[in-house]
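Reading through the structure tokens given below for one structure.
In UniProt numbering, the protein residues as written are 1 to 495.
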């Protein structure tokens, strides 16, 4: 059984935050281009972008300690924190542009102003946090960050964390009011609605089975609909933004750039509070330091969230392992991704990361009591009956060969792989992910459409005023951007 074939200028595989962001950018830059989206689920943002599958932090390195590494000489390297914050500012500007022009409605449905804080205990960690603040506060993006090691002050910032904590325990925290909670699932759905109004053809319940490049350079996709019918679709550009499913689709293309790359899936779990009285006592995102042996993405945090218009409180993440590459994927995903060209890379990664595997197995075996004990390290008065275990999304971390060694697992960045002729790109990796989606997709546009950049730069500058600028050198521009995005996104109004 088959259905009629079609042709587009751009095909987006997956209707998550990355594909919808790229779709919005291209629709604004080239409104006459025909864009088609294929999504195997029945909704947009149903996998990693969904609000119940990610932390919604709006990663800006304001509270995430793993973005400021302590060097061997004791100094703090803030370069990654600066880069991530600058990238998040691009996201805020695009969303503000869309809201200002009524291209999307009700920004408060997907973004809320919320303090970002850090909390540490122990003499060495307090010293680290103090040095971190000293290093960051000299930068215009972080100069409003406050530090305290006074228990009374900390109790005002996060009372749940400080109540009934040992009086002789060294503790410290930071606070900055420029943080946000972002409901990336709602944002994805909002941008998908915009795309559909702009005549973008979004095909839900359509699964891409194969991708091959034809002799004329276009890409031919075989797509199965929900009834099992197979159709052929051609496009001169393809973006594979299918989250954990991107690797298998990239491998099907046969491009050299898709070889010698593997994927390592990590599942997530978290505790959610069901007691409204407890939820009302915490209004912040508070991050600690990741436990010894844990991957960089597993950083404990006690977070206020806004989901379906309601305030929530979660603690996590607890890592786990599943061979699935998507939450709705197959247990065969990991094994099917091992090919002759990446087998050595995958084996090398396995040998080098035995301790990581042991950690993930240990996490899988945690009981409710053990998880609650971890929560009580953050929130001493937590009661078992107030918290329920929830399953978050799957993350597939990129495994690749680097100049240093084979089989390196990439935990600290999102990666976009391009074909040699730049007519196809695939998104791999998961952190910081959704928060830097605009930066990632602008980089993709610059790489894949270099011949269009002279024409498109004025429009990009209109959408994103800091485009092409180094924010670190322009404190006046930082202040202007923060002011304009706060107004457009209504971040000065509390829920």
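Glycine included, each C-beta is placed from N, C-alpha and C at the ideal position.
Residue i (DSSP reduced to helix, strand or coil)
i	result
residue 281	coil
residue 270	strand
residue 496	A question about residue 496 goes unanswered here, because the residues of the chain that appear run from 1 up to 495.
residue 180	strand
residue 40	coil
residue 238	strand
residue 479	helix
residue 194	helix
residue 15	coil
residue 443	helix
residue 6	strand
residue 434	helix
residue 305	strand
residue 456	helix
residue 210	strand
residue 257	helix
residue 34	coil
residue 221	strand
residue 265	strand
residue 469	coil
residue 189	helix
residue 174	strand
residue 23	helix
Beta-carbon proximity list for residue i, same chain, < 8 Å, skipping 5 on both sides
i	result
residue 249	13, 208, 211, 240, 242 and 426
residue 206	38, 39, 40, 223, 224, 225 and 226
residue 283	114, 115 and 304
residue 260	341, 342, 345, 400 and 401
Cut-off 6 Å between Cβ atoms - residues of its own chain near residue i, not counting five sequence neighbours on either side
i	result
residue 288	119 and 300
residue 549	Only positions 1 to 495 of the chain appear in the structure, and residue 549 is not among them; the question remains open.
residue 86	471
residue 90	438, 439 and 464
residue 143	137
residue 521	This structure does not reach residue 521, given that the chain is present from 1 up to 495, and the question cannot be answered.
residue 402	408
residue 6	233
residue 78	68, 135 and 136
residue 163	381
residue 258	250 and 251
residue 146	175
Contacts around residue i, its chain only, beta-carbon distance under 7 Å, and the 5 residues preceding and following it disregarded
i	result
residue 99	107, 488 and 489
residue 112	180, 181, 306 and 495
residue 236	9, 218 and 423
residue 447	418 and 422
residue 42	204 and 205
Exposure of residue i, with buried meaning 16 or more beta-carbon neighbours within 10 Å
i	result
residue 28	buried
residue 101	exposed
residue 303	buried
residue 93	buried
residue 310	exposed
residue 199	exposed
residue 331	exposed
residue 115	buried
residue 369	exposed
residue 367	exposed
residue 342	buried
residue 479	exposed
residue 388	exposed
residue 373	exposed
residue 386	buried
residue 335	exposed
residue 365	exposed
residue 19	buried
residue 230	exposed
residue 61	buried
residue 414	buried
residue 277	exposed
Minimum Cβ-Cβ distance from residue i to chain C less than 9 Å
i	result
residue 390	Of the chains in the structure shown, none is chain C; there is only one protein chain.
- With a floor of 3 residues, list each beta strand (DSSP E) that falls wholly inside the stretch 111 to 168, ordered by position along the chain. 111 to 113, 116 to 121 and 146 to 148
- Message: Three or more C-beta pairs under 8 Å: does that hold for the stretch 6 to 24 against the stretch 437 to 456?
- Response: yes
- Would you check if the stretch 42 to 54 and the stretch 461 to 477 touch, i.e. whether three or more CB-CB distances between them fall below 8 Å? no
- Item | Secondary structure, alpha helix (DSSP H): runs of 4+ residues fully inside the stretch 334 to 393 | 343 to 352, 354 to 364 and 368 to 378
- Query: Going along the chain, which unbroken runs of the beta strand (DSSP E) with 3 or more residues stay wholly within the stretch 42 to 113?
  - Reply: 111 to 113
- Query: Looking at C-beta atoms only, is the number of pairs between the stretch 339 to 353 and the stretch 395 to 409 that lie closer than 8 Å three or more?
  - Reply: yes
- Item | Contact the stretch 302 to 321 vs the stretch 360 to 373: 3+ CB pairs below 8 Å | yes
- Item | Three CB pairs or more closer than 8 Å across the stretch 31 to 41 and the stretch 446 to 453 | no
- Could you tell me whether the stretch 55 to 68 touches the stretch 186 to 205, where touching means 3 or more Cβ pairs closer than 8 Å? no
- If you pair each beta-carbon of the stretch 66 to 75 with each one of the stretch 323 to 335, do three or more pairs fall below 8 Å? The stretch 323 to 335 and the stretch 66 to 75 do not touch, with fewer than three beta-carbon pairs separated by less than 8 Å.
- At least 3 beta-carbon pairs within less than 8 Å: the stretch 172 to 179 vs the stretch 389 to 399: Counting Cβ pairs under 8 Å, fewer than three are found: no touch.
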